[in-house]
Structures are given as C-alpha cells and as structure tokens.
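So the structure is just underneath, and the comments pick up after that.
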Amino acid sequence: MTDARLAAGDLAPDFTLPDQDGSPVTLSSLRGQKVVLYFYPAAMTPGCTTEACDFRDSLNSFAGAGVRVVGVSKDEVPRLKEFAERDGLNFPLLSDADLAVQQAYGAWGEKQLYGKTVTGSIRSTFLIDEDGRIAKPMYNVKATGHVARIRKELGLDD
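Right, dumping it as structure tokens:
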C-alpha cells in the first residue's frame with residue numbers, strides 16, 4: 001500500500017503487463033503519443049463496466065486525436081478477456097495482479113466504500129503526454145461522466 005501520489009510533470013512509471021490476450025504491453029513503447037491510463041477496481045462490476053463502455057464508445061475520437069486508451073486492474077488475464085468479449089471492449093485491458101503498477105501510481109490504498117474505510121483499487125486516471133510525463137493525474141474519480149470530463153480536458157468536445 002502506498003500514499004504516494006504522482007503530480008503533473010512526473011515521469012510516468014514504466015511497466016510491462018499482460019493484456020486480455022496475454023500479450024505484453026509496455027508503457028514506454030507508447031511514447032510519441034498521448035495515453036489515457038486508467039485504473040479501475042474490478043472487471044464486470046457495474047461502475048467499471050459503465051466506465052469501460054464509455055471509453056469504448058469514445059475510442060474513435062480518442063484515436064483520431066492520437067490518444068491511446070489503456071485500462072488496468074488487478075483482474076487476471078482470463079477475467080479481462082471475458083470482460084473485453086462480453087462488452088466489446090476494443091482497447092488494452094492490463095492485468096496488474098501483483099498490484100505493483102497500481103502502487104507505483106498511487107492507485108492502490110485506503111478509500112471510502114459505502115462509508116467504510118477499505119483497502120483496494122482507487123479509481124484513477126492519468127493523462128500521459130508524448131514524452132511519457134504525467135500531464136494530469138486524477139484520483140478518486142467517479143465512473144459515470146468521467147470519460148466526458150477527459151474528452152473535455154483533451155479538447156475533444158466543443
């Protein structure tokens with residue numbers, strides 16, 4: 001568990017994680033393009049499904065602006081594959097089963113859930129610039145309406 005939080009201008013911690021097909025994805029291999037890296041608590045739960053489907057539905061406009069979308073959770077690869085297939089998710093979902101990447105980004109720790117303090121994934125999103133630096137960190141985001149906020153932040157909506 002970590003209390004570390006990343007700030008704008010920080011170098012995004014590099015990692016290699018398997019995607020829903022078991023293929024490795026390395027963050028630094030995406031340099032030269034903007035990346036929306038989002039962390040979500042669990043595949044196929046209501047809030048996480050809403051958020052993932054919002055990204056799916058906006059993927060063409062993100063891609064048209066040269067922005068890659070990558071999701072990360074603690075789910076194992078088979079669960080991510082099921083999630084991607086069930087909901088037609090057309091972007092990488094990465095398995096961070098040992099929580100190392102979530103901890104590096106400050107996206108794992110204590111949070112409030114239904115009025116109780118629990119330890120778990122903190123729904124967080126990081127806008128990463130072409131040089132691999134954090135352009136905007138967003139912690140404790142809400143699933144609903146979050147993609148619209150990111151689209152506005154990136155200037156994709158009028």
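Residues 1 to 158 (UniProt numbering) make up the sequence shown, in order.
All C-beta atoms in this analysis are idealised placements derived from N, C-alpha and C, irrespective of residue type, glycine included.
Values in this document were obtained by computation on a predicted structure and should not be read as measured data.
Subject >> residue 79 - DSSP class collapsed to helix/strand/coil >> reply: Reduced to three states, the DSSP call for residue 79 is helix.
Original post:
Contact check, residue 18 vs residue 94 under 8 Å by CB: the rounded distance?
Top reply: In this structure residue 18 is in contact with residue 94, their Cβ atoms being roughly 7 Å apart against a cut-off of 8 Å.
Subject >> Sufficient close CB pairs (3 or more, under 8 Å) joining the segment 49 to 60 to the segment 4 to 24 >> reply: At 8 Å Cβ cutoff, the stretches do not touch.
**OP:** Give the straight-line distance between the Cα atoms of residue 91 and residue 5, rounded to the nearest whole angstrom.
**Re:** Cα to Cα, the separation comes out at about 26 Å.
**OP:** Could you please give me the residues that DSSP links to residue 93 through a beta bridge?
**Re:** DSSP output for residue 93 lists 71 as bridge partner(s).
**OP:** Decide yes or no for the touch test of the segment 125 to 141 against the segment 33 to 47: beta carbon pairs closer than 8 Å, at least 3 of them.
**Re:** Yes: at least three Cβ pairs fall under 8 Å.
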